[in-house]
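Peer 1:
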Amino acid sequence: MAPRAVSGLGGARRVGRNRSTGPGVQSHMMVELDPATDDARLAARLASDLDSSFESLVVAHQDRLFTIAFRTGGDRHDAEELVQDCFVRAYRALATYPPTRIRELRLRGWLTTILLNAGRNRARVKRVPTTELTFEPGAEPAVDPLTRRDERETWARLLAGLTSAQRTAVVLRHVDGMSYAEIAEATGRPEGTVKAHVHRGLAALRTALLAAERREREEIPA
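So the sequence shown is numbered by numbering that gives the first Met the number 0: it starts at 0 and just counts up by one.
#1: Nearest to His196 by CA position, among Glu79, Arg172, Leu157 and Ala117, is which residue?
#2: For Thr192, which of Leu204, Val169 and Ala207 has the nearest alpha-carbon?
#3: When the Cα of Arg88 is compared with those of Gly187, Ala159 and Val57, which residue comes out closest?
#4: Given a cut-off of 8 Å on the beta-carbon distance, is the pair Leu64 and Cys85 in contact?
#5: Are Gly108 and Glu184 closer than 8 Å when you measure CB to CB?
#6: If you reduce the DSSP assignment to three classes, tell me which class Asp37 lands in.
#7: Taking just the CA atoms, how far does Arg214 sit from Met28?
#8: Suppose you measure from the CA of Arg44 to the CA of Pro97; what does that come to, to the nearest Å?
#9: Using a Cβ-Cβ cut-off of 6 Å (strictly less than) and excluding sequence neighbours within five positions of Thr111, which residues of its own chain qualify?
#10: Buried or exposed for Thr167, going by 16 or more other Cβ atoms inside 10 Å?
#11: Please report the residue range of the alpha helix (DSSP H) in which Thr95 lies.
#12: Mapping the DSSP letters down to three states, classify Pro2 as helix, strand or coil.
#13: Go through its chain and collect everything with a Cβ distance to Tyr179's Cβ below 8 Å, but skip five positions before and after it.
#14: On the DSSP letters alone, give me the boundaries of the alpha helix (DSSP H) that Pro98 sits inside.
#15: Since I believe Ala42 is in contact with Leu229 (beta carbons under 8 Å), could you give me their beta-carbon distance rounded to a whole number of angstroms?
#16: Compute the Euclidean distance between the alpha carbons of Arg100 and Thr162, then round it to the nearest angstrom.
#17: How many angstroms separate the CA atom of Gly200 from the CA atom of Thr66?
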């Protein structure tokens with residue numbers, strides 16, 4: 000199969016097949032994505048012919064998985080490797096599934112679960128210290144500030160201050176746009192717990208952002 004390429008956050012990433020492990024993700028080529036890819040139709044194609052259809056799975060989901068990995072981890076290189084690991088695990092799992100099971104997969108949530116599990120495994124080896132933030136209640140924002148390009152570095156620092164569970168819940172809800180039910184399924188947590196993580200995470204982000212803005216105002220000479 001000839002490799003194709005995908006552009007996304009942080010530059011283009013080339014998608015190819017590795018004969019020994021499944022998919023690979025490299026760099027420096029680009030290709031248009033089809034935003035209308037339907038997971039149910041794609042699952043049926045994977046069930047019929049895994050090898051010829053797997054690249055379509057990568058093309059359809061690698062950018063959103065990279066965004067999740069980068070926002071929850073904060074390191075671009077680690078995010079690239081984590082997405083690669085996710086697709087390798089997905090390929091190996093699909094290769095063992097019967098066609099009926101593949102057709103029943105909800106690919107978006109299934110891949111997210113694999114990504115989060117792979118991330119937790121990596122975190123056990125590479126611990127990154129974070130600073131906890133205090134929580135204050137508040138309403139969810141109508142517009143997600145995480146997508147504003149000029150504030151990405153600020154939000155990356157603020158996200159790093161959340162607990163892992165809060166950071167994951169906030170990113171899946173307000174960056175990836177998953178429903179609470181989808182997040183609960185992907186993370187293996189009760190929906191009420193997911194809502195609490197999102198609520199507290201957003202409150203902590205607001206508190207930290209207000210504190211940062213206050214410090215900036217105090218540093219400006221009169």
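In this text, a Cβ means the ideal position worked out from N, Cα and C, and glycines have one as well.
Peer 2: To lay it out plainly:
#1: As a first step, residue 196 is located in the sequence shown; it is residue number 197 there, counting from the start. Nearest option by C-alpha distance: Arg172.
#2: If you number the sequence shown from 1, residue 192 lands on position 193. Of Leu204, Val169 and Ala207, the residue nearest in Cα terms is Val169.
#3: In the sequence shown, counting from the first residue as 1, residue 88 sits at position 89. Comparing Cα-Cα distances from Arg88 to each of Gly187, Ala159 and Val57, the minimum goes to Val57.
#4: As a working mapping, residue 64 is identified with position 65 in the sequence shown. As a working mapping, residue 85 is identified with position 86 in the sequence shown. When the beta-carbon positions are compared, Leu64 and Cys85 come within less than 8 Å of each other.
#5: Here residue 108 is taken as the residue at index 109 of the sequence shown, counted from 1. Here residue 184 is taken as the residue at index 185 of the sequence shown, counted from 1. In contact: Gly108 and Glu184 (Cβ atoms closer than 8 Å).
#6: Your numbering for residue 37 matches position 38 in the sequence shown. Reduced to three states, the DSSP call for Asp37 is coil.
#7: Locating residue 28 in the sequence shown gives position 29, where the first residue counts as 1. Locating residue 214 in the sequence shown gives position 215, where the first residue counts as 1. The predicted model places Met28 with a pLDDT of 36, which falls under 50 and marks its position as unreliable, so this point remains unresolved.
#8: Sequence index remark: in the sequence shown, residue 44 carries index 45 (1-based). Sequence index remark: in the sequence shown, residue 97 carries index 98 (1-based). Rounded to whole angstroms, Arg44 to Pro97 spans 13 Å at the Cα level.
#9: Translated into the one-based positions of the sequence shown, residue 111 becomes position 112. Closer than 6 Å at the Cβ level, and outside the excluded window around Thr111, lie Ala185.
#10: Working through the sequence shown from its first residue, we reach residue 167 at position 168. Thr167 is buried by the Cβ-count criterion.
#11: To locate residue 95, count along the sequence shown from 1; it is residue 96. Its alpha helix (DSSP H) spans residues Arg75 to Thr95.
#12: Translated into positions along the sequence shown, residue 2 becomes position 3. Per-residue confidence for Pro2 stands at a pLDDT of 32, beneath the threshold of 50, marking its modelled position as unreliable; the derived number appears in the next sentence. Here Pro2 sits in coil by DSSP.
#13: If you number the sequence shown from 1, residue 179 lands on position 180. Arg172, Glu190, Val193, Lys194 and Val197, listed in sequence order.
#14: As a working note, residue 98 is residue 99 in the sequence shown. Pro98 to Glu103 is the span of the alpha helix (DSSP H), which, as asked, contains Pro98.
#15: Absent from the model: residue 229. The displayed extent of the chain is 0 to 221, so no value can be given.
#16: Position 101 of the sequence shown, counting from 1, holds the residue named residue 100. Position 163 of the sequence shown, counting from 1, holds the residue named residue 162. Cα to Cα, the separation comes out at about 34 Å.
#17: By one-based count along the sequence shown, residue 200 stands at place 201. By one-based count along the sequence shown, residue 66 stands at place 67. Their backbone Cα atoms lie some 18 Å apart in a straight line.
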